[in-house]
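Student: Once you've had a glance at the structure underneath, I'll fire off some questions.
Number of protein chains: 2
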Amino acid sequence: MRACPDLSLYLILGAADTAGTPFEEVVLSAVAGGVSVVQLRDKHTCARDQVANAKRLKALLAPRGVPLIVNDRVDVALAAGADGVHLGQDDMHAADARRLIGEEMLIGTSVHNAHEAAGVDPELVDYVGIGPVFGTGSKADPDPAIGPEGVAELSRQVGLPAVAIGGITGANAGQLAGTGVDGLAVISAICHADDPGAAAQRIRRSFGADNLVAG
Amino acid sequence: MRACPDLSLYLILGAADTAGTPFEEVVLSAVAGGVSVVQLRDKHTCARDQVANAKRLKALLAPRGVPLIVNDRVDVALAAGADGVHLGQDDMHAADARRLIGEEMLIGTSVHNAHEAAGVDPELVDYVGIGPVFGTGSKADPDPAIGPEGVAELSRQVGLPAVAIGGITGANAGQLAGTGVDGLAVISAICHADDPGAAAQRIRRSFGADNLVAG
Chain Y
1 MRACPDLSLY LILGAADTAG TPFEEVVLSA VAGGVSVVQL RDKHTCARDQ VANAKRLKAL
61 LAPRGVPLIV NDRVDVALAA GADGVHLGQD DMHAADARRL IGEEMLIGTS VHNAHEAAGV
121 DPELVDYVGI GPVFGTGSKA DPDPAIGPEG VAELSRQVGL PAVAIGGITG ANAGQLAGTG
181 VDGLAVISAI CHADDPGAAA QRIRRSFGAD NLVAG
Chain L
1 MRACPDLSLY LILGAADTAG TPFEEVVLSA VAGGVSVVQL RDKHTCARDQ VANAKRLKAL
61 LAPRGVPLIV NDRVDVALAA GADGVHLGQD DMHAADARRL IGEEMLIGTS VHNAHEAAGV
121 DPELVDYVGI GPVFGTGSKA DPDPAIGPEG VAELSRQVGL PAVAIGGITG ANAGQLAGTG
181 VDGLAVISAI CHADDPGAAA QRIRRSFGAD NLVAG
């Protein structure tokens with residue numbers, strides 16, 4: 001049976017999020033700074049390029065013991081030998097995905113409110129992303145920000161390993177320390193930082209990640 | 001080993017192509033008029049809805065002996081129990097897809113020129129769509145129209161079962177009769193017809209489909 005990985009710092013990126021810098025460079029710096037999971041989210045990239053990017057990421061991350069999750073596309077995850085898929089509320093149902101990927105790969109899902117939290121099947125889903133905590137410019141039409149209290153509430157309700165997501169930076173990560181989540185998911189605070197590794201370290205310190213994780 | 005199905009009239013549609021009419025209605029009429037394969041192509045629909053639409057189509061088509069092909073999304077095809085996938089030049093490589101789907105499901109691909117035709121691996125790919133034959137409003141940025149002569153040439157080059165595609169209607173389908181292709185792929189000439197079944201019959205007659213297909 002699969003074990004949920006160290007979720008303490010969960011980086012989400014697409015090829016376009018690292019504009020100007022090859023994404024390998026950003027990822028290696030971020031992992032050196034303490035990123036413990038990477039999700040490839042590339043909604044506007046064709047499947048052929050997504051598979052190529054996922055394979056490149058997998059080759060970078062596997063020797064470093066960092067799991068690769070692919071957003072939405074179960075087929076891309078399978079083709080690249082990724083460690084899991086992340087399925088939003090518009091993506092394939094977890095039950096359909098589980099049939100395709102078997103018992104070894106992870107499934108994560110996104111939860112924005114109590115209704116969605118109630119729909120998470122803990123037999124199928126391994127972890128949840130809860131948010132958006134803070135206002136974010138990452139998505140065109142975001143759900144309303146739920147704040148650290150909202151995150152704590154949904155995390156208790158779901159009862160699965162969880163990361164908070166949405167507008168998290170080194171400056172506000174400390175507000176999530178008491179919410180019961182296992183980690184923080186971040187896009188731009190790392191991808192757009194001049195020094196992704198330093199940004200990752202700062203977020204970990206602010207959240208107190210190293211006090212949470214055994215060892 | 002898989003056998004290539006009757007390609008004589010190959011309908012491509014997405015939920016949005018039948019605006020106003022439930023797509024079941026269009027598909028049933030089209031199949032009654034002689035459509036022999038249906039491809040679901042739903043680039044702008046989320047995966048969850050694509051799976052739901054593919055399952056509905058599969059339930060309609062299976063009892064009628066008409067195979068269902070899913071465009072691009074190998075995972076959607078697998079989740080819906082479709083009979084195959086169609087992979088454009090930006091979609092997953094056939095080699096990756098074949099590993100995911102096994103030996104029973106079909107793979108089709110799109111070929112627009114001699115370079116792409118040369119890239120088709122007959123060990124992996126079961127049929128090709130060749131075009132665009134005529135000018136078409138179906139895609140935002142179409143490749144140049146190659147005409148019936150271009151279709152004949154690429155069909156000879158590939159040497160696999162083939163359908164012509166692009167701007168085909170009941171009025172011009174006869175021009176494809178001597179090109180060596182096994183059938184015609186159509187979107188709007190059937191989807192947008194007042195009577196999809198009658199449109200399908202007219203295209204078949206014009207192409208001489210019933211003289212080509214054994215039995």
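Each protein sequence line maps, in turn, to chains Y and L.
Each residue of the first sequence is one higher than the one before, starting from 1 at the first, in full-length UniProt numbering.
Each residue of the second sequence is one higher than the one before, starting from 1 at the first, in full-length UniProt numbering.
No residue lacks a Cβ here, since even glycine has one placed at the ideal position from N, Cα and C.
It should be emphasised that the depicted structure is a prediction, and the values quoted were computed from it without experimental measurement.
Since methionine 105 (chain L) meets chain Y, which of its residues come closer than 7 Å, beta carbon to beta carbon?
Tutor: Position 105 of the second sequence, counting from 1, holds the residue named residue 105 (chain L). Per Cβ cutoff of 7 Å: no residues; methionine 105 (chain L) is ~12 Å from chain Y at best.
Student: When the Cα atoms are used, what is the spatial distance from aspartate 75 (chain L) to aspartate 194 (chain L)?
Tutor: Here residue 75 (chain L) corresponds to residue number 75 of the second sequence, with the count starting at 1. Here residue 194 (chain L) corresponds to residue number 194 of the second sequence, with the count starting at 1. The straight-line gap from Cα to Cα measures roughly 33 Å.
Student: Note down, in chain order, all residues in the region 38-58 of chain Y with a beta-carbon under 8 Å from any beta-carbon belonging to chain L.
Tutor: Cys46, Ala47, Arg48, Asp49, Val51
Student: Once you ignore the five residues that flank leucine 60 (chain Y) on each side, which residues in its own chain have a CB closer than 7 Å to its CB?
Tutor: Looking up residue 60 (chain Y) in the first sequence gives position 60. Glu24, Val27, Leu28, listed in sequence order.
Student: What is the DSSP secondary structure of leucine 154 (chain L), counted as helix, strand or coil?
Tutor: On the second sequence, residue 154 (chain L) is found 154 positions in, with the first residue counted as 1. Correct three-state label for leucine 154 (chain L): helix.
Student: In the DSSP assignment, the beta strand (DSSP E) including histidine 192 (chain L) goes from what residue to what residue?
Tutor: Here residue 192 (chain L) is taken as the residue at index 192 of the second sequence, counted from 1. Element bounds for histidine 192 (chain L): n/a, residue is neither H nor E.
Student: Since glutamine 39 (chain Y) sits in a beta bridge, which residues does DSSP pair it with?
Tutor: For this step, residue 39 (chain Y) is matched to residue 39 along the first sequence. According to DSSP, glutamine 39 (chain Y) bridges with Y:Ile12, Y:Ile69.
Student: What separation, rounded to the nearest whole angstrom, lies between the Cα atoms of isoleucine 130 (chain L) and alanine 117 (chain L)?
Tutor: Stepping through the second sequence from its first residue, residue 130 (chain L) is reached at position 130. Stepping through the second sequence from its first residue, residue 117 (chain L) is reached at position 117. The alpha-carbon atoms of isoleucine 130 (chain L) and alanine 117 (chain L) are separated by roughly 9 Å.
Student: Select from Y:Arg202, Y:Val158, Y:Asp182 the residue whose C-alpha is nearest the C-alpha of asparagine 172 (chain Y).
Tutor: Locating residue 172 (chain Y) in the first sequence gives position 172, where the first residue counts as 1. Cα-wise, what sits closest to asparagine 172 (chain Y) is Y:Arg202.
Student: So what does DSSP say about histidine 115 (chain Y), is it helix, strand or coil?
Tutor: The residue you call residue 115 (chain Y) lines up with position 115 of the first sequence. Looking at histidine 115 (chain Y) - three-state DSSP - the assignment turns out to be helix.
Student: Taking just the CA atoms, how far does valine 38 (chain Y) sit from alanine 214 (chain L)?
Tutor: Walking along the second sequence from the start, residue 214 (chain L) turns up at place 214. Walking along the first sequence from the start, residue 38 (chain Y) turns up at place 38. Low per-residue confidence applies at alanine 214 (chain L): pLDDT is 45, beneath 50, and the placement is therefore not dependable enough to give any value.
Student: Can you tell me where the alpha helix (DSSP H) holding glycine 197 (chain Y) begins and where it ends?
Tutor: As a first step, residue 197 (chain Y) must be located in the first sequence, where it is residue number 197. 196-207 is the span of the alpha helix (DSSP H), which, as asked, contains glycine 197 (chain Y).
Student: Say whether chain L places a C-beta atom closer than 8 Å to the C-beta of aspartate 90 (chain Y).
Tutor: Taking the first sequence and counting its residues from 1, the one referred to as residue 90 (chain Y) is at position 90. Closer than 8 Å to the CB of aspartate 90 (chain Y) there is at least one CB belonging to chain L.
Student: Contact check, histidine 86 (chain Y) vs glycine 108 (chain Y) under 8 Å by CB: the rounded distance?
Tutor: Taking the first residue of the first sequence as 1, we reach residue 86 (chain Y) at position 86. Taking the first residue of the first sequence as 1, we reach residue 108 (chain Y) at position 108. At roughly 4 Å, the Cβ-Cβ gap stays under 8 Å, so histidine 86 (chain Y) and glycine 108 (chain Y) are in contact.
Student: Is DSSP giving valine 31 (chain L) helix, strand or coil here?
Tutor: Looking up residue 31 (chain L) in the second sequence gives position 31. Three-state DSSP puts valine 31 (chain L) in a helix.
Student: Below 7 Å on C-beta distance, what does valine 74 (chain L) contact in chain Y?
Tutor: Taking the first residue of the second sequence as 1, we reach residue 74 (chain L) at position 74. Within chain Y, the residues near valine 74 (chain L) are Asp75.
Student: Strictly below 8 Å CB to CB, what residues from chain Y border histidine 93 (chain L)?
Tutor: For the purposes of this step, residue 93 (chain L) is identified with residue 93 of the second sequence, where counting begins at 1. Going along chain Y in sequence order, the residues near histidine 93 (chain L) (Cβ under 8 Å) are Arg48, Val51.
Student: For aspartate 96 (chain L), would you say it is in contact with chain Y, using Cβ-to-Cβ distances shorter than 8 Å as the test?
Tutor: Taking the first residue of the second sequence as position 1, residue 96 (chain L) is located at position 96. Yes, aspartate 96 (chain L) counts as interfacial toward chain Y.
Student: Does leucine 11 (chain Y) have its Cβ less than 8 Å from a Cβ in chain L?
Tutor: In the first sequence, residue 11 (chain Y) corresponds to position 11, counting from 1. Not an interface residue.
Student: Going along chain Y, which residues have a C-beta under 9 Å from alanine 79 (chain L)?
Tutor: As a first step, residue 79 (chain L) must be located in the second sequence, where it is residue number 79. Those are Val74, Met92, His93, Asp96, Ala97, Arg99, Leu100, listed as they occur along chain Y.
Student: Considering only DSSP beta bridges, list what threonine 109 (chain Y) is partnered with.
Tutor: Sequence index remark: in the first sequence, residue 109 (chain Y) carries index 109 (1-based). Its beta-bridge partners are Y:Leu87, Y:Val128.
Student: Return the chain-ordered list of same chain residues with a C-beta closer than 8 Å to the C-beta of proline 148 (chain L), the five sequence neighbours on each side being excluded.
Tutor: As a working note, residue 148 (chain L) is residue 148 in the second sequence. Non-local C-beta neighbours of proline 148 (chain L) in its own chain, meaning closer than 8 Å and more than five positions away in sequence, comprise Val133, Ala164, Gln175, Leu176, Gly178, Thr179, ordered along the chain.
Student: Candidates Y:Ile190, Y:Pro161, Y:Ala198: which alpha carbon is nearest alanine 19 (chain Y)'s?
Tutor: Residue 19 (chain Y) sits at position 19 when you count from the first residue of the first sequence. Nearest Cα to alanine 19 (chain Y) within the set Y:Ile190, Y:Pro161, Y:Ala198: Y:Ile190.
Student: If you reduce the DSSP assignment to three classes, tell me which class glycine 215 (chain Y) lands in.
Tutor: Reading the first sequence from its first residue, position 215 is the one you call residue 215 (chain Y). Confidence at glycine 215 (chain Y) is low in this model, with a pLDDT of 36, below 50, so its placement is unreliable and the value that follows should be read with caution. In the structure shown, glycine 215 (chain Y) sits in coil (DSSP, three-state: anything other than H, G, I, E or B).
Student: Assign aspartate 42 (chain Y) to one of two classes, buried (16 or more other C-beta atoms within 10 Å of its C-beta) or exposed (fewer than that).
Tutor: Within the first sequence, residue 42 (chain Y) is the residue found at index 42, counting from 1. By the neighbour-count rule (16 or more Cβ atoms within 10 Å), aspartate 42 (chain Y) is buried.
Student: Suppose contacts are defined by Cβ-Cβ distances below 8 Å. Is leucine 7 (chain L) in contact with aspartate 182 (chain L) by that definition?
Tutor: Counting from one through the second sequence, the residue named residue 7 (chain L) turns up at place 7. Counting from one through the second sequence, the residue named residue 182 (chain L) turns up at place 182. It is a contact, given that the beta carbons lie within the stated cut-off.
Student: With a Cβ-Cβ cutoff of 8 Å, do alanine 15 (chain L) and aspartate 90 (chain Y) count as a contact?
Tutor: For the purposes of this step, residue 15 (chain L) is taken as the residue at position 15 of the second sequence. For the purposes of this step, residue 90 (chain Y) is taken as the residue at position 90 of the first sequence. Between alanine 15 (chain L) and aspartate 90 (chain Y), the C-beta gap is not smaller than 8 Å, which leaves the two residues out of contact.
Student: Of the residues Y:His115, Y:Val66, Y:His112, Y:Arg73, which one's Cα is nearest the Cα of glycine 98 (chain Y)?
Tutor: Position 98 of the first sequence holds residue 98 (chain Y). Correcting the residue identity first, residue 98 (chain Y) is arginine in this sequence and not glycine. Ranking the options by Cα distance to arginine 98 (chain Y), first place goes to Y:Arg73.
Student: My guess is that glycine 84 (chain Y) and alanine 77 (chain Y) are in contact by the Cβ rule of under 8 Å, so how many angstroms apart are they, rounded?
Tutor: Numbered from its first residue, the first sequence carries residue 84 (chain Y) at position 84. Numbered from its first residue, the first sequence carries residue 77 (chain Y) at position 77. Right, their Cβ atoms sit about 7 Å apart.
Student: With isoleucine 146 (chain Y) as the anchor, note down where its beta strand (DSSP E) starts and where it stops.
Tutor: As a first step, residue 146 (chain Y) must be located in the first sequence, where it is residue number 146. First-last for isoleucine 146 (chain Y): undefined, no H or E at that position.
Student: Once DSSP output is grouped into helix, strand and coil, what is the label at leucine 184 (chain Y)?
Tutor: Your numbering for residue 184 (chain Y) matches position 184 in the first sequence. Strand, per DSSP.
Student: Please state whether DSSP places leucine 74 (chain Y) in a helix, a strand or coil.
Tutor: Position 74 of the first sequence, counted from the first residue, corresponds to residue 74 (chain Y). Sequence inspection shows valine at residue 74 (chain Y); the leucine mentioned does not correspond to that position. Reduced to three states, the DSSP call for valine 74 (chain Y) is helix.
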